[in-house]
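Take the sequence shown: its letters are residues 899 to 1423, numbered as in my numbering.
Ideal Cβ placement from N, Cα and C applies to all residues, glycine included.
For clarity, every value in this text was computed on a predicted model and none was experimentally measured.
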Amino acid sequence: MAAPSSVPVDLAAAMVIARPALADWLVILPPVTMIAGGALLMMIRKSVRLHAMLAIAALVLLVVLDALLLWQVCERGPITMTMGRWLPPFGISFTADLFGSVMALTSAVVALAAAVFSLQDIGASGLRHGFFAFLLLLMAGVSGAFLTGDIFNLYVWFEVLLISSFGLLILGSEPRQIEGALKYAILNLVATTLFLISVGYLYAIFGTLNMADIAEKEPAIRDGAPLITLTALFVLAFAMKSAAFPVNFWLPASYHTPRITVSALFGGLLTKVGIYAMIRVTIMLLPVEREALSLVIAASAVLTMIVGALGALAQNDLRRLIGYVVIVGIGNMLAGVAIGTPAAVSGAILYALHSMVAMTALYLMAGEAARLAGSWQLSTLGGIWIRSPWFAAASFALILAAAGLPPLSGLWPKVALLKASLDIGAWWLAAAILVSAFLVTIALARVFLLAYWRPLSDAAIAAVEAEVEPVRDWLTAIPIALLVALLLGFGIYPEPLMKLSQSAAESIADPTAYIGSVFIRGGVQ
899 MAAPSSVPVD
909 LAAAMVIARP
919 ALADWLVILP
929 PVTMIAGGAL
939 LMMIRKSVRL
949 HAMLAIAALV
959 LLVVLDALLL
969 WQVCERGPIT
979 MTMGRWLPPF
989 GISFTADLFG
999 SVMALTSAVV
1009 ALAAAVFSLQ
1019 DIGASGLRHG
1029 FFAFLLLLMA
1039 GVSGAFLTGD
1049 IFNLYVWFEV
1059 LLISSFGLLI
1069 LGSEPRQIEG
1079 ALKYAILNLV
1089 ATTLFLISVG
1099 YLYAIFGTLN
1109 MADIAEKEPA
1119 IRDGAPLITL
1129 TALFVLAFAM
1139 KSAAFPVNFW
1149 LPASYHTPRI
1159 TVSALFGGLL
1169 TKVGIYAMIR
1179 VTIMLLPVER
1189 EALSLVIAAS
1199 AVLTMIVGAL
1209 GALAQNDLRR
1219 LIGYVVIVGI
1229 GNMLAGVAIG
1239 TPAAVSGAIL
1249 YALHSMVAMT
1259 ALYLMAGEAA
1269 RLAGSWQLST
1279 LGGIWIRSPW
1289 FAAASFALIL
1299 AAAGLPPLSG
1309 LWPKVALLKA
1319 SLDIGAWWLA
1329 AAILVSAFLV
1339 TIALARVFLL
1349 AYWRPLSDAA
1359 IAAVEAEVEP
1369 VRDWLTAIPI
1379 ALLVALLLGF
1389 GIYPEPLMKL
1399 SQSAAESIAD
1409 PTAYIGSVFI
1419 RGGVQ
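Right, dumping it as structure tokens:
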């Protein structure tokens, strides 16, 4: 029997020895809070009266946590928390940089607004089937995707939000919802499978899944590995997730079927997670390979913008029309990815932040318009300006924001992307941005003229009023007013957000600080 060794083991070479700072826990608290909240709501699933109160309290807490996290990142730079005490790349890392933390905060604000709106939109059946539990789990997936520093865990968080979004999509179990959910689920499962294959391929090449480790190793193995094939797989997977041409047909076929609060969450958040992942992987981890594919990405961006704008012009259903406007925004962000310069990526990030707020607000606007006028069809909508002047004014502001017109926030990312396009001589990309913006302006102006400005007969108004259910005005006024105020504020005073997006883009192009936050040289973290 061997005698026990008396030589002390130096754990500092393999494990995290130092206690993490209190502020470092902020990196993991957002997804943990949402998972705990969702689990609690499932445990008390029969006490549906408590669900709304607890879920909104959890989302308020999420906004506070994300705001504190962003403040800490601005003060200290990227923050990393490694799970299991094993040093990276073996321990699983959560890393918050400017890009991830600002996206997480914006998504939390949007989810809170949608949750308040849902108080008048989701009925007793939706509450019994777990609407708020699914909402919190969806936010766990979104927050985790924005804050993870491990690419396999990025895939896991995609799975979490896919499962919860499928649950939200089929609430009500109407035939059209099942049909839309099937289209959504099948295409997203194909994208998820492609993503998983890409992750396996990446691990076979790099031997690691830690993003900082990949970014550090990539220059050394660039010439001897099939990285362009790997990048193409990632781009295709994320293009399907974000609804880029030609794999975007699932979005307008499914986003119009659930309750309008669910459509608002999907339109505002889910496609932006796909764009976030594409920027993170192609700009930070595989920049040279992205450059090789830039023409393909740019062609997809142009077609996404033009096809989306033409689709919006052709629609009579208000929800389908907004779905195509969401697609146009994806094309604009893809243009930033295709150009790839810090200025262009900054424009794409700025557009993503604007679009998360604007698309959520547009769907909520559509829900309130349909409630006031009793229809989703532009051919029968009308007279909303007379029935609710404040709502019509807010809707007009939203239309300006979505069309990219001043003084709302949609103007600045378009200007940034136009300048970035012209700086590299891609006039055709700039022309596509302008043409799609012009077509979207016509489509949304048509909405305002028909649904709001067009007068209805007294008999038609009386018939609608007889069918409209009474609702507490503040339930719709507060979330829409909050989102419009954000769009107006960032439109009038864009400097802070533009500086933030520029710093985020520069940190992605040069991930030295990101890598340094994950690997504390000397072996002790």
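Item: Contained beta strand (DSSP E) runs [length at least 3] in the stretch 906-987, N- to C-terminal order; Value: 977-980
Item: Cβ shell of Arg1074 (< 6 Å), same chain only, five flanking positions each side left out; Value: Thr1155
Item: Alpha carbon of Arg947 to alpha carbon of Leu1035, nearest angstrom; Value: 19 Å
Item: Coarse secondary structure for Gln1275, derived from DSSP in three states; Value: strand
Item: Contacts around Leu922, its chain only, beta-carbon distance under 7 Å, and the 5 residues preceding and following it disregarded; Value: The residue you asked about is not Leu; residue 922 is Asp in the sequence shown. Closer than 7 Å at Cβ, skipping near neighbours: Ile977 and Met979.
Item: Whole-angstrom distance between Ala1130 and Val1097, CA atom to CA atom; Value: 12 Å
Item: Residue span of the beta strand (DSSP E) that contains Ser1286, given as start and end; Value: Unbroken run through Ser1286: none, as it is neither H nor E.
Item: Beta-carbon proximity list for Ser999, same chain, < 6 Å, skipping 5 on both sides; Value: Leu967, Leu968 and Val971
Item: Residues of its chain near Ala1006, where Cβ-Cβ distance is below 6 Å and the 5 sequence neighbours each way are ignored; Value: Leu960, Val961 and Asp964
Item: Nearest-angstrom beta carbon gap, Pro1311 and Tyr1249 [assumed within contact, 8 Å]; Value: 4 Å
Item: Three-state class that DSSP yields for Asp995 in the structure shown; Value: coil
Item: Burial state of Glu1077, where buried means 16 or more other Cβ atoms lie within 10 Å; Value: exposed
Item: Residues near Leu1060 by beta carbon distance below 7 Å, same chain, minus five either side; Value: Asn1086 and Thr1090
Item: Environment of Asp1371 [buried if 16+ CB atoms lie within 10 Å]; Value: exposed
Item: Ala1002 vs Met940 beta-carbon contact at 8 Å; Value: no
Item: Helix, strand or coil at Asp1048 [DSSP, three-state]; Value: strand
Item: DSSP state of Asp1371 mapped onto helix, strand, coil; Value: helix
Item: For Pro1394, the first and last residue of its enclosing alpha helix (DSSP H); Value: Glu1393 to Ala1407
Item: Ile942 versus Leu1337: straight-line alpha-carbon distance, rounded; Value: 48 Å
Item: For Asn1086, three-class secondary structure by DSSP; Value: helix
Item: Val1160 and Leu1067 closer than 8 Å at C-beta; Value: yes
Item: Where Asn1146 falls: helix, strand or coil (DSSP); Value: coil
Item: Contact check, Val1179 vs Phe1132, beta carbons under 8 Å; Value: yes
Item: Classification of Tyr1350 by the beta-carbon crowding that lies within 10 angstroms, buried from 16 upward; Value: buried
Item: Thr1258 versus Ser1023, Ala1011 and Ile926, residue with shortest Cα-Cα distance; Value: Ala1011
Item: Residues near Ala1190 by beta carbon distance below 6 Å, same chain, minus five either side; Value: Ile1126
Item: Proximity test, Ala1210 beta-carbon vs the ligand ZN heavy atom, cut-off 7 Å; Value: In the structure on display, the ligand ZN does not appear, and there are no ligands present to speak of.
Item: Through-space distance from Ala955 to Ala1411, alpha-carbon basis; Value: 34 Å
Item: Residues near Leu1128 in its chain [Cβ-Cβ closer than 8 Å; skip 5 each side]; Value: Ser1096, Tyr1099, Leu1100, Ile1103, Leu1184 and Glu1187
Item: Residues that Asn1108 bridges to, as DSSP identifies them; Value: Asp1048
Item: Ala1268 and Leu1342 closer than 8 Å at C-beta; Value: no
Item: Met1254 versus Ala1300, Leu1167, Tyr1222 and Lys1317, residue with shortest Cα-Cα distance; Value: Leu1167
Item: Chain-order list of residues whose beta-carbon lies under 6 Å from that of Leu1380 (same chain, five-residue window excluded); Value: Ala1011
Item: Contacting residues, own chain, Cβ-Cβ under 8 Å from Leu1385 (five flanking each side not counted); Value: His1252, Val1255, Ala1256, Ala1259, Ala1295, Leu1296, Ala1299, Leu1306, Ser1307 and Gly1308
Item: Cβ-Cβ distance between Ala1151 and Lys1081 below 8 Å; Value: yes
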